[in-house]
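One structure below.
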Amino acid sequence: MFLQYFLLFLMLPLCSSTDTITPNQPFRDGDLLVSKQSRFALGFFSLGNSTLRYIGVWYNTIREQTFVWVLNRDHPINDNSGVLSINTFGNLLLHRGNTHVWSTNVSISSVNATVAQLLDTGNLVLIQNDDKGVLWQSFDHPTDTMFPHMKLGLDRRTGLTRFLTSWKSPEDPGTGEYSFKLDVSGSPQLFLSMGSQ
């Protein structure tokens, strides 16, 4: 009986998941990030019969995988060789071998002090490890799902315009035809538009 408990204890670290990507711990296809309270998960995925690989966030507590954000929606990877890591400049980078697919591309003063963390809100953030300041967040780059604490419209400080866009199809998370935007040029109004309308 003691041996069974001992073996179970040894296996626990192998079964645990993390919510953080650090500079020394790249995130590979097959790995899984799970938020602290297990509400959301982040990992690589394919849809239907496709071999194209995406990184997405989904509800971890719902049996049917329901995606709420896709990192590389318009730049899928052709196989399972993708790696998400923090590069030497402190940015979160998706690459396949020497090919850069996607990056947070933010200016960072202290490059050795950044980590990426999946929060229980569903927000993937790149933070300064020392002061927890948010350098980049997925909530500023939404796909087709709105969350509490997420904002739409123009961020006057950064110049970034945040809006929702549909998927191309149920099996292609690429940027679709429909957009949901906040227009603040007069009285604030929400618009659902098709194409460039």
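For the sequence shown, position 78 (counting from the first letter as 1) is numbered 78 according to the UniProt record's numbering, and the numbering increases by one without interruption. Think of the CB as a built atom: it goes at the ideal place given N, C-alpha and C, for glycine as much as any other residue. Since this is a predicted model, take the numbers as computed values, not measurements.
Query, Result
"Ser38 by DSSP, collapsed to three states: which one?", "coil"
"According to DSSP, simplified to helix, strand and coil, what is Asp29?", "strand"
"Taking the continuous beta strand (DSSP E) assigned at Arg163, which residues delimit it?", "For clarity, residue 163 is Phe in the given sequence; the question names Arg instead. Per DSSP, Phe163 belongs to no beta strand (DSSP E) and is neither H nor E."
"Whole angstroms are fine: how far does the CA of Leu47 sit from the CA of Leu14?", "The predicted model places Leu14 with a pLDDT of 43, which falls under 50 and marks its position as unreliable; any figure quoted below should be read in that light. Going from the Cα of Leu14 to the Cα of Leu47 covers about 27 Å."
"Measuring CB to CB, does Phe44 end up less than 9 Å from Val68?", "no"
"Quick check on the DSSP output: what are the complete beta strand (DSSP E) runs of length 3 or more inside the segment 112-184, in order along the chain?", "114-118, 124-128, 134-137, 164-169 and 172-183"
"Looking only at its chain, what residues have a beta carbon closer than 7 Å to the beta carbon of Gln191, apart from the 5 residues adjacent to it on each side?", "It is worth fixing the name first, because residue 191 is Phe in this sequence and not Gln. Cβ within range, chain order: Lys181 and Asp183."
"Among Tyr59, Asp140, Thr61 and Ile55, which has the Cα closest to the Cα of Gly82?", "Ile55"
"Compare the Cα-Cα distances from Leu124 to each of Gln25, Ser109 and Asp140 and report the closest residue.", "Asp140"
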